[in-house]
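First up is the structure itself, then whatever we jot down about it.
Protein chains in written order, with the working numbering: chain A, -12 to 202; chain B, 5 to 291.
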């Protein structure tokens, strides 16, 4: 007998949002296990490190005993397992290369823009200027790329007609950049992309990112 | 005074400076450091277990109450700290739901906390849902003994009123404003006939930044701490972008920059109460 997929979850985490959103789009039922990330730092507790994730990070899934950590890895797994049409993780060599490249950029966004938000919202002691300038550097790369895509008639990060897990992986901490004191005013293509993404059918949103209203 | 304001409403009152748990393992040499009114405070527990506070070399008055540290910047509190009897009431669980930084005047945060009209639009499927948008008339009074604002007979239909609720309910509310930056709400509990208390204590960093500390004192034997915290932070996280996107980060107390409607009786009373005490910190001068 199989058990329902478990997601170790924290509502204000953009990385957990990525997983919640993909599960919603794929129609996969799951059980959320709330983790007291803040103020309790449960993800750094001895029990969590020993039993769930030795890196002390969220999200983590447990799919009938198969435990996987890292938001981007979880997106690859869930899309490979549940998306028979290969829409979210296209089955094409070049597209997969592009997706992997932007999944790595998502990590850079977490290191910079997400860290700036942890500083401003949750009081983390971090070099806020370094976080913000790092975020602007990676946002500049995204913005230039999306502007180029647009001139080729493409809307998303990979050269696919539909959004992929690359877009999902980069989305939340761009959309939440304002909570880290980073304005998107100087990134017009990125702002358009955030708008398009929020208006995808079935977009669930999270605290800080409102789902788009009915059109 | 070295602080970023000379408003006696701030200097002569007890201001929250973070959870008492932040003093664990501290000493005068290794203090906990936090921000208040534009300054950096050092806080620690001495050998007798008593909290101590310093700004530079200057000692400040500090007390530990209701799970938080309270500092009086001037050392001359105009009144004792307000009562919070639910904090120690038998049967209630108290849960520190964490302090969240918000880039706006704290007065805006309290005013939003008192507002029911935004529930269906900002807290959709939790604290409200269109078309249940009407704010029924409620009463607002000022308690002459304590000078606290009380809004009573508040009622709102909520799809999911707390972590313990899993279906819609007509929820009764009472609100209470104890200080310009401290308020409580009491709402129908999952325990029939009882009311849960939710305290919002704002730590003023400067005129346009606060750390919003939330403490629950509730009747709930089912939810885990993580579930209760997740619920409160989900709600507060929905308010945060709205608060931070105000055209004016500071609250206009004079003039007609912002126009209230009938559902805003609490807000009207709060703003008048602030004007009568000559509030300047976190306010916007009339244009």
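For glycine and all other residues, C-beta sits at the position ideal for the given N, C-alpha and C.
- Going by beta carbons, residue 103 of chain B and residue 207 of chain B fall inside the 8 Å limit.
- In the structure shown, the three-state DSSP call for residue 68 of chain B is strand.
- A distance below 8 Å separates the beta carbons of residue 175 of chain B and residue 162 of chain B.
- In the same chain as residue 88 of chain B, and ignoring 5 residues on each side of it, the C-beta atoms closer than 6 Å to its own belong to 70, in chain order.
- By alpha-carbon distance to residue 86 of chain B, the top candidate from B:209, B:152, B:199 is B:152.
- At a cut-off of 8 Å between beta carbons, residue 207 of chain B makes no contact with chain A.
- Between residue 11 of chain A and residue -9 of chain A, the beta carbon gap of about 15 Å keeps them out of contact (Cβ cut-off 8 Å).
- One alpha carbon belongs to residue 92 of chain B, the other to residue 222 of chain B, and they sit about 11 Å apart.
- Excluding the 5 residues flanking it on each side, residue 103 of chain A has same chain C-beta neighbours closer than 7 Å at 115, 118, 119, 122, 167, 168, 169, in chain order.
- Neighbours of residue 242 of chain B in chain A, taken as residues whose beta carbon is under 7 Å from its own, are 194 in chain order.
- With 16 or more other CB atoms across the displayed protein chains lying within 10 angstroms of its CB, residue 120 of chain B is buried.
- Sequence-distant partners of residue 254 of chain B (beyond 5 residues in either direction) whose C-beta falls short of 7 Å from its own C-beta, in its chain, are 109, 211, 212, 286, 287, 288.
- In summary, the residues of the stretch 76 to 105 of chain B whose CB is separated from some CB of chain A by less than 9 Å are 100, 101, 102, 103, 104, 105, in the order they occur in the chain.
- For residue 110 of chain A, the nearest CB of chain B lies under 8 Å from its own CB, placing it at the interface with that chain.
- Of the residues A:23, A:64, A:52, the one whose Cα lies closest to the Cα of residue 44 of chain A is A:23.
- Contacts between residue 188 of chain A and chain B, judged by CB atoms closer than 9 Å, are missing: the closest CB pair is about 17 Å apart.
- Using a Cβ-Cβ cut-off of 8 Å, residue 237 of chain B is close to -2, -1, 25, 194 of chain A, given in chain order.
- Residue 30 of chain A is classed as buried because its beta carbon has at least 16 other beta carbons within 10 Å across all chains shown.
- Going by beta carbons, residue 144 of chain A and residue 8 of chain A fall outside the 8 Å limit.
- One finds nothing in chain B with a Cβ atom closer than 9 Å to the Cβ of residue 86 of chain A; even the nearest lies about 29 Å away.
- According to DSSP, residue 9 of chain B shares a beta bridge with no other residue.
- Each residue's CA atom was taken as its position, placing residue 86 of chain A and residue 6 of chain A some 16 Å apart.
- For residue 160 of chain A, no beta strand (DSSP E) segment is defined; the enclosing uninterrupted segment is the alpha helix (DSSP H) at 152 to 162.
- Between the C-alpha atoms of residue 96 of chain B and residue 227 of chain B there is a straight-line separation of about 13 Å.
- In the structure shown, the three-state DSSP call for residue 131 of chain A is helix.
- Non-local C-beta neighbours of residue 214 of chain B in its own chain, meaning closer than 8 Å and more than five positions away in sequence, comprise 105, 106, 108, 109, 110, 113, 185, 206, 207, 208, ordered along the chain.
- Contact between the stretch 265 to 284 of chain B and the stretch 128 to 147 of chain B is present, with at least three C-beta pairs closer than 8 Å.
- Per the DSSP secondary-structure output, residue 190 of chain B pairs in a beta bridge with B:178, B:201.
- Between residue 71 of chain A and residue 157 of chain A, the C-beta gap is not smaller than 8 Å, which leaves the two residues out of contact.
- For residue 55 of chain B, the uninterrupted beta strand (DSSP E) run begins and ends at 55 to 59, by DSSP.
- Using beta-carbon distances, residue 215 of chain B counts as an interface residue toward chain A, with a partner under 8 Å.
- Under the 10 Å beta carbon count, residue 97 of chain A is surrounded by 16 or more other beta carbons and is classified as buried.
- Look at residue 173 of chain A here: in three-state DSSP terms it is coil, with no helix or strand label.
- Apart from the 5 residues on each side of it in sequence, residue 279 of chain B sits with its Cβ closer than 8 Å to the Cβ of 257, 258 in its chain, given in chain order.
- The stretch 37 to 53 of chain B makes contact with the stretch 5 to 21 of chain B: 3 or more CB pairs, one atom from each, lie closer than 8 Å.
- A straight-line Cα-Cα distance of about 38 Å links residue 196 of chain A and residue 48 of chain B.
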